[in-house]
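> Below are the structure tokens for one structure; questions will follow.
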């Protein structure tokens, strides 16, 4: 069946947005829960252009105090974790504070002017399926781009956009545990220990809930991320993914409203194609998820280690060489972790007892303590909550930053020469990028149990390598563009030695070349078919998502032209 796609022009947007009776009608249909959205920093600016709100010194003090607070940003409809997605990067239209020093008045006093940037102009505070249906209907009738936002952690700007209407899922906060959950339409004798939670529930709330119920729900590294949004729908890795799989592996059921207006449940027994798509095909694409049911693991006993050393190049190279030489064995023994090659690592293991776990790391301890002169801390038998609190550090929040990434298949660890090549490529990166991280969080040990739409290369990879770049509120347009270009260039050597691989769609080069193959591989064409089935009018579109309209669509005017060939 042919797919009809709506196009949105700037002229239509301007006309509709300025016509308040239309918005009044939408507000009435969602029972007064339509929000006129302003950027997070708006109260600090006495000058504004194209945005609502007002200068408010008292509120400004609150913004300054919480500017880099993830929970506050997650709770605020006009805030994003990576603050460049609150701006129009191609024009520098923005409403940002100084992320290094939010008290710096140079960022918000005249002639600095607050601009709406890429923050949606309106948002529906979603509480019911009918709210979503009303949003989709309004967007289609009036030619308004519509996006889906929960906690605002999208690293590619897919939950915002200039002149858009947002479905804000944050206040869907229910959490229920069932020891005998049965997905709708499935045999009643097949039960699961499961947690069903609203789309807006954060990792912080979920970790506490799981701990109180003596179960384990693995999460990503930032407590303020919403567990049921793009994190899950794009794959969702955690420090335990090596042994318990990705978040998509544990998804049992989705409650969703699709753009064609249907309120559905998707699981292994009904709407199975949609279930497949939601388990890796990406957020903001197939519909608005209201709730997710996910497998609840028993209370795990986790052994954790923390490593730190002086950041000399000699130490970094020795550490990387050792980790590369032993990564297959680490994975087969159940270890997963976050490796910061500049300064150390954190690892966790939920399958070995404490004696075997400590014994499996004796050589690593010797290297760190004796050769690197560093610190090696081992703690046994932690709950997931206590492990997270003790070992997982903070992530960058409230600052402009971007990344690029590559999945490294196990074949590149098979011989000494291939390991040496990998270490050399990564070592060369250390001089040109900021905050390089090697996530040993692929489901290598867990394997492939079918049913997900992530790129299959996830299953055969040991590392997910991420590099980053940071800037500030007053960085020029040309310099911001250069940061993206530098990231693309810096990750190219890894692309060159891993042509068979790909990248994680949630943590990647914003301008990823050949993105369809990189993110989804052999699944892409099937995902396009499913997309067109449930969104035949193409109401949902986001940057480098399934069946993407492309850079030339008006809604992407705040993105730069691609800095790399093959885009």
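In mature numbering (1 follows the signal peptide of the UniProt record, and there is no 0), the protein residues as written are -19 to -1, 1 to 548. Note that the Cβ used here is the ideal one computed from N, Cα and C, for glycine as well. The model shown is predicted, which means the values in this text are computed figures rather than measured ones.
Taking contact to mean 3 or more Cβ pairs, one atom from each stretch, closer than 8 Å, check whether the stretch 431 to 449 and the stretch 218 to 238 are in contact.
yes
> Quick one: grab the DSSP three-state call for residue 320.
Residue 320 falls in the strand class under three-state DSSP.
> Applying the criterion that 16 or more other CB atoms from any shown protein chain within 10 Å of the CB defines a buried residue, is residue 449 buried or exposed?
buried
> For the putative contact between residue 493 and residue 525, defined by C-beta atoms under 8 Å, what is the C-beta separation to the nearest angstrom?
6 Å
> Could you tell me if residue 459 is buried or exposed, where buried requires 16 or more neighbouring beta carbons within 10 angstroms of its beta carbon?
exposed
> Quick check on DSSP: helix, strand or coil for residue 415?
strand
> Roughly how many whole angstroms lie between the Cα atoms of residue 389 and residue 456?
33 Å
> Residues bridged to residue 106 by DSSP?
Residue 106 pairs with 149.
> Residue 292: buried (16+ other C-beta within 10 angstroms of its C-beta) or exposed?
Counting the other Cβ atoms within 10 Å of the Cβ of residue 292 gives fewer than 16, which makes it exposed.
> Give, in chain order, every unbroken run of the alpha helix (DSSP H) that is at least 4 residues long and sits entirely within the stretch 262 to 329.
294 to 313
> Would residue 185 and residue 141 qualify as a contact pair, given that the criterion is a beta-carbon distance under 8 Å?
no
> For residue 475, which of helix, strand or coil comes out of DSSP?
helix
> With a cut-off of 8 Å on the beta carbons, I'd call residue 76 and residue 126 a contact; round off their distance for me.
Actually they are not in contact, since the Cβ atoms of residue 76 and residue 126 sit about 20 Å apart, beyond 8 Å.
> With a threshold of 16 other CB atoms inside 10 Å of the CB of residue 171, please say whether the residue is buried or exposed.
exposed
> Say whether the stretch 243 to 258 touches the stretch 128 to 140, bearing in mind that this needs 3 or more beta-carbon pairs closer than 8 Å, one atom from each stretch.
Counting Cβ pairs under 8 Å, fewer than three are found: no touch.
> When you compare only the Cα positions, how much space is there between residue 407 and residue 160?
45 Å
> Does DSSP put residue 28 in a helix, in a strand, or in coil?
coil
> Quick check: what's the CA-CA separation for residue 205 versus residue 52?
5 Å
> DSSP on residue 336, reduced to helix/strand/coil?
In the structure shown, residue 336 falls within a helical segment according to DSSP collapsed to helix, strand and coil.
> So what's residue 237 in DSSP terms, helix, strand or just coil?
Judged by DSSP in its simplified three-state form, residue 237 adopts strand.
> Helix, strand or coil for residue 129, going by three-state DSSP, please let me know.
strand
> With the cut-off set at 8 Å, would you say residue 34 and residue 23 are in Cβ contact?
yes
> Three Cβ pairs or more, each shorter than 8 Å: is that satisfied between the stretch 264 to 271 and the stretch 516 to 534?
Taking 8 Å as the limit for Cβ pairs, the verdict is that the stretch 516 to 534 does touch the stretch 264 to 271.
> Start and end of the beta strand (DSSP E) containing residue 247?
244 to 247
> Quick one: grab the DSSP three-state call for residue 192.
helix
> Can you give me the C-alpha to C-alpha distance between residue 368 and residue 224, rounded to a whole angstrom?
16 Å
> Check each candidate in 102, 182 and 168 and name the one with the smallest Cα separation from residue 147.
102
> For residue -8, which of helix, strand or coil comes out of DSSP?
Unreliable placement is indicated for residue -8, whose pLDDT of 33 sits below 50; no coordinate value is reported for it.
> Can you tell me whether DSSP reads residue 549 as helix, strand or coil?
Since the first residue of the chain shown is -19 and the last is 548, residue 549 is not available in this structure.
> Quick one: what's residue 446 bridged to in DSSP?
Looking at the DSSP assignment, residue 446 forms a beta bridge with 387 and 419.
> Once the 5 residues before and after residue 117 are set aside, which same chain residues still bring their CB inside 6 Å of it?
Closer than 6 Å at Cβ, skipping near neighbours: 240 and 520.
> Alpha carbon to alpha carbon, how far is residue 498 from residue 297?
Roughly 33 Å separates the two Cα atoms.
> Taking the CB atoms as reference points, tell me whether residue 355 and residue 290 lie closer together than 8 Å.
yes
> So what's residue 526 in DSSP terms, helix, strand or just coil?
coil
> With a threshold of 6 Å on Cβ separation, who are the neighbours of residue 399 within its own chain once the five nearest residues in sequence on each side are excluded?
393
> Hey, residue 177 and residue 157: beta-carbon distance below 8 Å or not?
yes
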